[in-house]
Amino acid sequence: MQPISTANFQPRLKVLNREQALAIHNAALEILEKIGFQMEHKGALEKLLSAGCKVFNDGRVRLPAYLVEEALSSAPRQITLYDQKGHESMSLVGETTFYGTGSDATFTLDLETGQRRRTVLKDVANFAKLVDGLNNIDFNMSMANPEDVPIESIYIWVFAEMVRNTNKPIVFIADSGRDIAKIWEIACLIAGGEEELQKRPFLLNYSEAISPLRFPENVMEKLIFCAERKVPVCLPSGSNAGGGAPVTLAGAMALGLAENMVGLVVHQLAGKGSPFLFGPNVSTLDMKSSIVSYGCPEWSLSQAALADMRDEIYGLPIWAYAGASDSKVMDAQAGAEAMFSIITAMLSRTNLIHDVAFLEYGNTSSLEMLTMADELVAMSRFFTRGIPVTEETLALGAIERVASGGPGSIFLMDDHTFENFMDAQFLPKLLDRSRYDSWEGCGAMDLYKRCNVEARKILAEHQVEPKSPQVLKGIDEILKGCQK
Amino acid sequence: MSKFKQLNEAIIKGDMKLAVEQTQRALDEGSNAQDIIDNGLISAMDEVGERFSKGLLFVPQMLRAAKTMQECMKLVEPLLKEGDLTSKGKVLIGTVKGDLHDIGKNLVSMMMEGAGFTITDLGVDVSPEKFVQKALEVEPDIVAMSALLSTTMPAMPKTIEALQNAGIRNKVRVMIGGAPVTSKYAQEINADSYAADAGSAVIAAKKLLGIS
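Each protein sequence line maps, in turn, to chains D and F. Note that the working numbering has the first sequence beginning at 21, numbered continuously upward. Note that the working numbering has the second sequence beginning at 1134, numbered continuously upward.
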């Protein structure tokens, strides 16, 4: 047998060559140098001007390419997120991939009735708890825009509800410099102080600039807040093809990247070396319904391209999406679209992958969808690992034993099978492979129903390790000041 | 579709050059301006709206048709006496205070304009005071507000309150829309209508004003 000395090949998706990657990158730089952008935050504008940017007569800021190069080289290549107990949890670097939920769904599919209804704070708790109990979902976002909390401080309430119900890392939303300060206070309580939080951050702020090329004051406020305190942050704009950006993907990517570069430059000027997760959101605006699609192949393609650009040019960990759908219910469309984006996001090695379990183009969340996605991520991980080729996996010994073992000798009986099957095979929990009669005997349930049962079971049985009474009390006190 | 068949078809296809040529030809041949508008332009846009709602046209095709119609209007409009131009209604529209997102709002504007409404677009980050001030000035039939951020939604009831305080709430119909907005929310804040997208905004506006 020929021994295998090199590491095994792992399947990998590539969609751009180096020439294409550089062309898109150069187009992004050209957008910043020639077309410019609107910066509506005075402090950020001052930082940009003293670093070498110029405001032209049209009021738009022009940013020279060298500032982007400097920011790319000072931003860290690795962002490590910890869980809320201080254990290393997600090391965003190179080709690592992590999956988590999305934020701000207006509706959810009710677990009891199956009906689409307006989200409430309890939904934030349920999603956080389910994320906590699922093995392949790595981080949590709110999945709800609850109607039963004061809207002016909605993100503080949502954050508090998340930390009460999961210990996994959190990607959070804030409105402005005001509520992000409160959220940060809660985070400091949990981590055991500002320094501890800096050393072991368990949170990452998600914020958006407005395409094309507009940077609102409140968005910059949050960005600078995070830069100064080394809270990891990302700033993908909604440069959706045909909506905020040109309908062609190359142009939409160039615009989205340009917008991300402005964010990165301001961020590094405000806090050199602070962690910045790179990458835009480049989906499509649907040309019939005008929704931004969460099930289209374009978004998966653009983020695969971004991963190639990361490898060729940027070197920073990147932001991505997967596991979502435009379908209104958890049906075959939802399964197909979720799997398409989950496996391609993994095969192209995007790093932090959010929006898992969205239905209805991000308008509705579903606990069943999240439960299904957990299994689809596991299936994809199995595939992406490739085929380990070793003496043990080539199994010539087993072949010899069974082939020469005489009548009645089968692989199922061989020790090699017993010793290897758990690792050698993908063993699904929810994807049904049972024989017909047994499936029928168990209630003839489809995947949606099975996921419903599983989600209910996890919510009923999973125990989230609680925060200390002092921390909980501290959170309550912060919330008391946010009744309105 | 009538004597303006070629003009109708040019608008539906978004063939700007041909549509403008056809409009000029109709004028040269002595057609009445109001007749061209009603049976050449608006009727074509009605057909476009119909086809779009059946899923036979895509958004850019519809917008191109609207743009084509506007180009033709430029030729015809100067020939009308002031006050002759029939509008389906006047709409004052804007993204509410604190919110700078305008793709959806712009789409609503364009589709309403294409459907024959007269639009006054206040842009983004429009304060309740600004809505009121402009409403007093242009006396719209409809005030339409958009918000993308849940945190800016409270500006909607504040604007309604401001219209109330200015004594013009009962003179206008209020429509709202935007990603986090729901019909339930519209009821809660006493808006008159909610629309989920640009197409249904046109339908809702027509319904509010009792026109087909």
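Ideal Cβ positions, reconstructed from N, Cα and C, are used throughout, including at glycine.
Residue i in three-state terms, based on DSSP
i	result
D:Lys469	helix
D:Gln483	coil
D:His374	strand
D:Ser488	coil
F:Glu1272	coil
D:Ile193	coil
F:Ile1344	coil
D:Phe446	coil
D:Arg369	coil
F:Met1134	Since pLDDT at F:Met1134 reaches only 46, below the 50 mark, its modelled position is unreliable, and no value is offered.
D:Val151	helix
D:Arg453	coil
D:Leu379	strand
D:Arg38	helix
D:Arg32	coil
F:Leu1212	helix
Contacts of residue i in chain F (Cβ-Cβ under 8 Å)
i	result
D:Asp505	Residue 505 of chain D is absent from the structure shown; chain D starts at 21 and stops at 504.
D:Arg138	Thr1315, Lys1317
D:Asp195	Leu1282, Thr1284
D:Asn165	Ser1283, Pro1313
D:Ile203	The premise fails here: D:Ile203 is roughly 14 Å from chain F at the closest Cβ pair, so nothing lies under 8 Å.
Buried versus exposed call for residue i [16 or more other C-beta atoms within 10 Å across all chains shown]
i	result
D:Phe29	exposed
D:Arg453	exposed
D:Leu416	exposed
F:Phe1264	buried
D:Gly262	buried
D:Gln288	buried
D:Gly463	exposed
D:Pro256	buried
Per DSSP, cross-strand counterpart(s) of residue i
i	result
D:Lys74	D:Arg82
F:Thr1251	F:Lys1223
D:Thr128	D:Arg137, D:Ser385
D:Phe57	D:Val81
D:Gly120	D:Phe159
D:Leu297	D:Cys254
F:Tyr1327	F:Ile1309
D:Arg551	Since the first residue shown for chain D is 21 and the last is 504, residue 551 of chain D is missing from the structure and cannot be characterised.
F:Val1259	F:Val1229
F:Ala1277	F:Ile1226, F:Met1308
D:Thr304	D:Ala261
Residue i, enclosing beta strand (DSSP E) - first and last residue
i	result
F:Gly1227	1223-1228
F:Val1307	1306-1310
D:Asn225	223-226
D:Met110	108-112
D:Thr100	99-102
D:Tyr341	339-341
Host alpha helix (DSSP H) of residue i (start-end)
i	result
F:Met1178	1176-1186
F:Pro1193	1192-1209
D:Glu216	214-219
D:His287	269-290
D:Tyr175	174-185
D:Pro317	317-329
D:Asn238	237-249
D:Ala265	Unbroken run through D:Ala265: none, as it is neither H nor E.
F:Asn1303	Element bounds for F:Asn1303: n/a, residue is neither H nor E.
D:Tyr314	Taken as a continuous stretch (DSSP letters only), D:Tyr314 belongs to no alpha helix (DSSP H), as it is neither H nor E.
D:Leu414	411-414
F:Ser1161	According to the sequence displayed, residue 1161 of chain F carries Asp and not Ser. Note, F:Asp1161: alpha helix (DSSP H), 1149-1161.
D:Glu115	Taken as a continuous stretch (DSSP letters only), D:Glu115 belongs to no alpha helix (DSSP H), as it is neither H nor E.
F:Tyr1318	1316-1321
F:Glu1294	1288-1298
Under 7 Å by beta carbon: chain F residues contacting residue i
i	result
D:Asp434	What D:Asp434 touches in chain F: nothing, since even the nearest Cβ is about 58 Å away.
D:Met307	Phe1191, Val1192, Pro1193
D:Ile244	In chain order: nothing, as chain F lies at least about 18 Å away.
Listed by chain order, chain D residues near residue i by CB distance under 7 Å
i	result
F:Leu1233	Ile230, Arg234, Pro236
F:Ile1236	Gly263, Gly264
Chain-ordered neighbours of residue i on chain D, where CB pairs are closer than 9 Å
i	result
F:Gly1188	Lys308
Closer than 8 Å at the beta carbon, the chain D residues around residue i
i	result
F:Leu1240	Ser310
9 Å Cβ cut-off: residues of chain F touching residue i
i	result
D:Asn225	Going along chain F, no residue has its Cβ under 9 Å from D:Asn225, so there is no contact; the nearest lies around 15 Å.
Inset, instruction - Quick one: which residues of the stretch 1250-1268 of chain F get their C-beta closer than 7 Å to a C-beta of chain B? List them in chain order. - result: Reference to chain B is not applicable here, since the protein chains of this structure are D and F.
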